[in-house]
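J.:
In the working numbering, the protein residues as written are 156 to 468.
(1) Using a Cβ-Cβ cut-off of 6 Å (strictly less than) and excluding sequence neighbours within five positions of residue 330, which residues of its own chain qualify?
(2) Contact between the segment 221 to 239 and the segment 356 to 375 is defined here as three or more beta-carbon pairs at a separation below 8 Å; is this criterion met?
(3) Residue range of the beta strand (DSSP E) that residue 207 falls in?
(4) With which residues is residue 266 paired in a DSSP beta bridge?
(5) What's the gap between the Cα of residue 254 and the Cα of residue 217?
(6) Using a Cβ-Cβ cutoff of less than 6 Å, which residues in the same chain neighbour residue 399 once the five nearest sequence positions on both sides are dropped?
(7) Residues bridged to residue 326 by DSSP?
(8) Exposed or buried, what is residue 343 when buried is set at 16 or more other beta-carbons lying within 10 Å of its beta-carbon?
(9) Quick one: Cα of residue 209 to Cα of residue 273, how far?
(10) Looking at the secondary structure, which residues open and close the beta strand (DSSP E) in which residue 465 lies?
(11) I think residue 317 touches residue 267, with their Cβ atoms under 8 Å apart; what is that distance to the nearest whole Å?
(12) On the criterion of 16 or more Cβ atoms from any shown chain inside 10 Å, does residue 269 qualify as buried, or is it exposed?
(13) Measuring alpha carbon to alpha carbon, tell me which of 435, 384 and 339 ends up nearest residue 408.
(14) Rounded to the nearest angstrom, how far is the Cβ of residue 206 from that of residue 282, given a contact under 8 Å?
(15) Just checking my contact of residue 338 with residue 393 at CB under 8 Å: how many whole Å lie between their CB atoms?
(16) If you drop the 5 nearest sequence neighbours on each side, which residues of the same chain put their C-beta closer than 7 Å to that of residue 322?
(17) With distances taken from CA atoms, which of 199, 182, 451 and 240 is nearest residue 212?
(18) Can the beta-carbon of residue 271 be found less than 8 Å from the beta-carbon of residue 251?
(19) Within the segment 294 to 318, note down every full beta strand (DSSP E) run reaching 3 residues or more, in order along the chain.
(20) Note down, in chain order, each residue of its chain lying with its Cβ closer than 7 Å to the Cβ of residue 391, except the 5 sequence neighbours on either side.
(21) Is the separation between the beta-carbon of residue 295 and that of residue 334 shorter than 8 Å?
(22) Whole alpha helix (DSSP H) runs in the segment 372 to 431 with 4 or more residues, listed along the chain?
(23) Is residue 233 buried or exposed, if buried means 16 or more other CB atoms sit within 10 Å of its CB?
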């Protein structure tokens with residue numbers, strides 16, 4: 156493991172990584188591509204992604220990053236995306252929507268993510284993508300899904316049936332920014348279903364938000380969903396064939412405890428999986444730049460360098 160300390164690494168100077176999202180003569184954006192469907196209340200829902208591509212044609216197929224947004228599995232969407240920034244570095248980036256936990260409980264979310272991987276692989280030739288160089292990256296709830304995607308290739312109950320099932324969902328590199336990693340081992344604020352009354356009664360309790368969103372993801376308290384919680388844990392599926400990981404977490408995080416990333420790092424190391432860990436003493440939850448950038452430029456540099464090493468070589 157490479158421990159990337161804030162003292163010696165996170166002092167990187169921004170080199171112009173942040174660019175205003177919007178139109179650019181260097182990036183092509185393909186909006187609202189349908190990668191799968193699902194049933195919702197008797198009707199059919201559409202799973203959509205936006206694909207960001209370098210405008211200058213590449214003679215070789217492009218490595219692909221899939222960005223999975225956070226938001227506690229209940230909010231945010233594919234618009235919250237560093238797409239143009241990544242495409243300017245010569246990588247394709249797919250920013251995806253997936254079902255929220257109030258639409259469907261776990262494992263619907265990882266089913267959707269894997270469907271996106273398979274759809275992109277199926278359409279690799281059409282968009283000049285390299286089907287053998289896929290990475291996943293997300294923050295918070297999206298970081299959790301990235302980690303689970305990285306460790307659970309081929310687990311039948313996590314593959315789903317939202318599209319292109321015969322195609323592999325395996326990826327070649329993962330970055331998890333401050334996502335939970337073991338849903339059975341975080342400090343829980345309460346042990347009941349998160350009704351408004353329960354939430355009101357427990358206001359001020361540490362880890363209240365994490366407890367609420369995890370229970371909603373699983374459809375109930377962990378005490379009543381132990382088997383599902385075990386299936387949902389990225390750590391439970393780790394083996395020596397898993398791809399390299401970059402894990403980023405702040406010690407001041409009051410939404411997801413940094414101990415969750417410590418557990419993932421330890422489990423990956425024990426299986427001999429390559430892992431880099433940025434454990435920063437000054438960071439909280441959600442990394443925005445000091446000048447208003449939606450993603451911290453220093454951490455963006457670390458993350459994109461990681462993916463370039465593993466996907467562009």
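Using N, Cα and C, we set each Cβ at its ideal position, and we do this for glycine too.
T.: Reading it off the structure:
(1) Sequence index remark: in the chain shown, residue 330 carries index 175 (1-based). Apart from sequence neighbours up to five positions away, the residues of its chain that approach residue 330 with a beta-carbon distance below 6 Å are 292, 401 and 458, ordered along the chain.
(2) The segment 221 to 239 is in contact with the segment 356 to 375.
(3) Sequence index remark: in the chain shown, residue 207 carries index 52 (1-based). 198 to 209 is the extent of the beta strand (DSSP E) around residue 207.
(4) Translated into the one-based positions of the chain shown, residue 266 becomes position 111. Looking at the DSSP output, residue 266 shares a beta bridge with no other residue.
(5) By 1-based counting over the chain shown, the position of residue 254 is 99. By 1-based counting over the chain shown, the position of residue 217 is 62. Near 27 Å, if we compare the C-alpha coordinates of residue 217 and residue 254.
(6) Here residue 399 is taken as the residue at index 244 of the chain shown, counted from 1. Correct list, in chain order: 328, 429 and 465.
(7) Taking the first residue of the chain shown as 1, we reach residue 326 at position 171. Note: residue 326 sits in no beta bridge, so no partner.
(8) As a first step, residue 343 must be located in the chain shown, where it is residue number 188. Classification of residue 343: buried, given that the 10 Å Cβ count is 16 or more.
(9) The residue given as residue 209 occupies position 54 in the chain shown. The residue given as residue 273 occupies position 118 in the chain shown. Just so you know, the alpha carbons of residue 209 and residue 273 end up roughly 21 Å apart.
(10) Walking along the chain shown from the start, residue 465 turns up at place 310. That residue, residue 465, is in no beta strand (DSSP E); its alpha helix (DSSP H) goes 452 to 466.
(11) Taking the first residue of the chain shown as position 1, residue 317 is located at position 162. Taking the first residue of the chain shown as position 1, residue 267 is located at position 112. Taking 8 Å as the upper bound for CB-CB distance, residue 317 and residue 267 are in contact here, some 6 Å apart.
(12) Within the chain shown, the letter at position 114 stands for residue 269. So residue 269 ends up on the buried side.
(13) To locate residue 408, count along the chain shown from 1; it is residue 253. Selected option, being the one with the closest Cα: 435.
(14) Mapped onto the chain shown, residue 206 falls at position 51. Mapped onto the chain shown, residue 282 falls at position 127. Contact between residue 206 and residue 282 holds, with the beta-carbon distance rounding to 6 Å and staying under 8 Å.
(15) Locating residue 338 in the chain shown gives position 183, where the first residue counts as 1. Locating residue 393 in the chain shown gives position 238, where the first residue counts as 1. The pair is not a contact, with the Cβ atoms about 15 Å apart (cut-off 8 Å).
(16) Within the chain shown, the letter at position 167 stands for residue 322. Same-chain partners within the cutoff: 273, 276 and 277.
(17) Within the chain shown, residue 212 is the residue found at index 57, counting from 1. The shortest C-alpha separation from residue 212 is found at 182.
(18) In the chain shown, residue 271 corresponds to position 116, counting from 1. In the chain shown, residue 251 corresponds to position 96, counting from 1. A contact, by the Cβ cut-off of 8 Å.
(19) As far as the segment 294 to 318 is concerned, it has no whole beta strand (DSSP E) run of at least 3 residues.
(20) As a working mapping, residue 391 is identified with position 236 in the chain shown. Taken in chain order, the residues that qualify are 385.
(21) In the chain shown, the residue the question calls residue 295 occupies position 140. In the chain shown, the residue the question calls residue 334 occupies position 179. Closer than 8 Å, so yes.
(22) For the segment 372 to 431, whole alpha helix (DSSP H) runs of length 4 or above, ordered along the chain, are 381 to 386 and 414 to 425.
(23) As a first step, residue 233 must be located in the chain shown, where it is residue number 78. Under this definition residue 233 is a buried residue.
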